[in-house]
Each structure stands twice: as structure tokens, then as C-alpha cells.
Amino acid sequence: EPEVTQTPSHQVTQMGQEVILRCVPISNHLYFYWYRQILGQKVEFLVSFYNNEISEKSEIFDDQFSVERPDGSNFTLKIRSTKLEDSAMYFCASRDRGLYEQYFGPGTRLTVT
Amino acid sequence: GQNIDQPTEMTATEGAIVQINCTYQTSGFNGLFWYQQHAGEAPTFLSYNVLDGLEEKGRFSSFLSRSKGYSYLLLKELQMKDSASYLCAVRDKGRGSTLGRLYFGRGTQLTVWP
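These protein sequence lines map, in sequence, to chains A and B.
Just so you know, we're using my numbering here: the first sequence kicks off at 63 and counts up by one.
Just so you know, we're using my numbering here: the second sequence kicks off at 59 and counts up by one.
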């Protein structure tokens, strides 16, 4: 069964550093999302992406965040200058046209020290 | 804004039936989802309701009442592996976006005892 993959599974970085989280959505899917989950808290929407542009972003997704689909398979989330409060599990999700289910990847645990 | 409420914790025994409730308030309702999340893992899709009524899928069923802003997830014949967090999520029409961002509740941690 096709699945969303994410790399790395765990990333440790120092405050102020840039990080890029990578996702490979399911191949025929057209809609892509990033969510995050701070330990012990609820899953929060960050951004949705379609047709090579951001469709919607939340108040969390400020100028420090950016997304890109550099080629036909990868979907990346970049955090330009990480803060301690960016420590969380980051989930990528994708969805096919005409369907409602968002398939989540296994997540990248980001630890900012 | 969106407000989604569900109990924090529930416990049940193997073989039993458990009902997890969810109430929501949203400005542009466009469907309700239930996801299962084991500790340290990604949410996995369980069910989707957009119209009122009951959707059954094996041991799991989900009910929706849009007029009451209420849903429940029913789990039958509980097994130990059902111990997990169950997330209620509402899709909102958003600011003209058709992609449907999800708003999640805090999750209900279900513990199934032998």
C-alpha cells in the first residue's frame, strides 16, 4: 500500500539554525499539508499546498517557515531560524483529488536545543 | 473560530464497547474525521462523516449530528491494541480554500485493560 514517507525521523538542531524537513507524498496525490504536534498537545495545521503554491496557512506559519515542491516527488518544510518552541513532531500529509482522507507520514521529531 | 472538545481519558476492558464523544463549534463545517494515534506515531484515518447519521466500518462506527455539533466514535469488541489516542478533527471550509484544513481536538487517550 502506498504511503507518505518523511526524513529524517529525528532532527536535533541548535537554536538559530536552519532546518529542512523532507516529505515524499503518495505519488498520485495533488494536495499536501504540514502539521505539527508539540509533545502532549494537539495536532495543529501549518500549511496546505496545491499546484505549486500555498493554499492556506495558519497563524503559526510565519515568515520563518517556507514550503517548496522542488521536484515531482519531494515536499519540504524549511524553518529559517529555529527557536526552542519549534521543538515538535512535524507531520506531512497528502490527499488525492476528489477524496477526503489525508494520509499522514510517520513524522519528523525536531528537537531545538 | 473552531472549538473541539473530547474527553481526555477513558478506560475499558477487553471485549467491551466504548463510545468516545466529540462536540465542536465551527464557522464552516465541511466534514468530521476520527483518527487513531499510537504514542510517537502518525495519526491513521478511521472514519469520515459529512452527513448526519451512522457510518459503520467493522468494529468501528462513527455518528454525526450537525445540528447538535456532536459526533461519537463507537469501538466494539475492544482489543488491547486499541489502546491509543483517538483524535476528533473537523474540516473547515476555510478562507476560500478548497483543500480543507483540519482542526484537531486534544485527543482521548483510551486504555484497554485485559
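Think of the CB as a built atom: it goes at the ideal place given N, C-alpha and C, for glycine as much as any other residue.
Quick caveat: nothing in here was measured; it's all calculated off a predicted structure.
Proximity test, asparagine 88 (chain B) beta-carbon vs the ligand COA heavy atom, cut-off 7 Å: This structure does not include the ligand COA; it has no bound ligands of any sort.
Aspartate 177 (chain A) to serine 123 (chain B) span [Cα, whole Å]: Since the first and last residues shown for chain A are 63 and 175, residue 177 (chain A) lies out of range.
Complete runs of the beta strand (DSSP E) confined to the segment 66 to 120 of chain A [at least 3 residues]: 67 to 69, 72 to 75, 81 to 86, 93 to 99, 105 to 112 and 115 to 119
Coarse secondary structure for glutamate 72 (chain B), derived from DSSP in three states: coil
Any chain A beta carbon closer than 8 Å to phenylalanine 103 (chain B): yes
As assigned by DSSP and simplified to three states, the class of lysine 145 (chain A): coil
Glutamate 118 (chain A) burial status per 10 Å Cβ neighbour count (16 or more: buried): buried
Simplified DSSP state of lysine 134 (chain B), which is helix, strand or coil: coil
Reduced DSSP secondary structure (H/G/I, E/B, other) of lysine 139 (chain B): helix
Chain A contact residues for glutamate 99 (chain B), given Cβ-Cβ distances below 8 Å: Pro168 and Gly169
Any C-beta of chain B under 8 Å from that of valine 105 (chain A): yes
Short Cβ contact (8 Å threshold) for leucine 160 (chain B) with phenylalanine 107 (chain A): yes
C-beta neighbour in chain B for phenylalanine 137 (chain A), strict 8 Å: no
Pick from B:Thr69, B:Asn79, B:Gln95 and B:Met68 that is closest to alanine 142 (chain B), judged by C-alpha positions: B:Gln95
Residue span of the beta strand (DSSP E) that contains lysine 115 (chain B), given as start and end: 111 to 115
Leucine 90 (chain B) and asparagine 107 (chain B) closer than 8 Å at C-beta: yes
Beta-carbon separation (whole angstroms), tyrosine 130 (chain B) vs glutamine 77 (chain B), contact threshold 8 Å: 5 Å
Residue range of the unbroken beta strand (DSSP E) whose run includes leucine 168 (chain B): 166 to 171
DSSP three-state assignment for threonine 66 (chain B), whether helix, strand or coil: coil
Serine 85 (chain B), DSSP secondary structure in three states: coil
Proximity winner among A:Val174, A:Asp158 and A:Leu92, relative to arginine 142 (chain A) (alpha-carbon distances): A:Val174
Under 9 Å from the C-beta of leucine 160 (chain B): neighbouring residues of chain A: Tyr95, Tyr97, Val105, Phe107, Ala155 and Gln164
Chain A residues whose Cβ lies nearer than 8 Å to that of glycine 163 (chain B): Lys104
Neighbourhood of tyrosine 112 (chain A) by C-beta, 6 Å cutoff - its chain only, sequence neighbours within 5 removed: Tyr93
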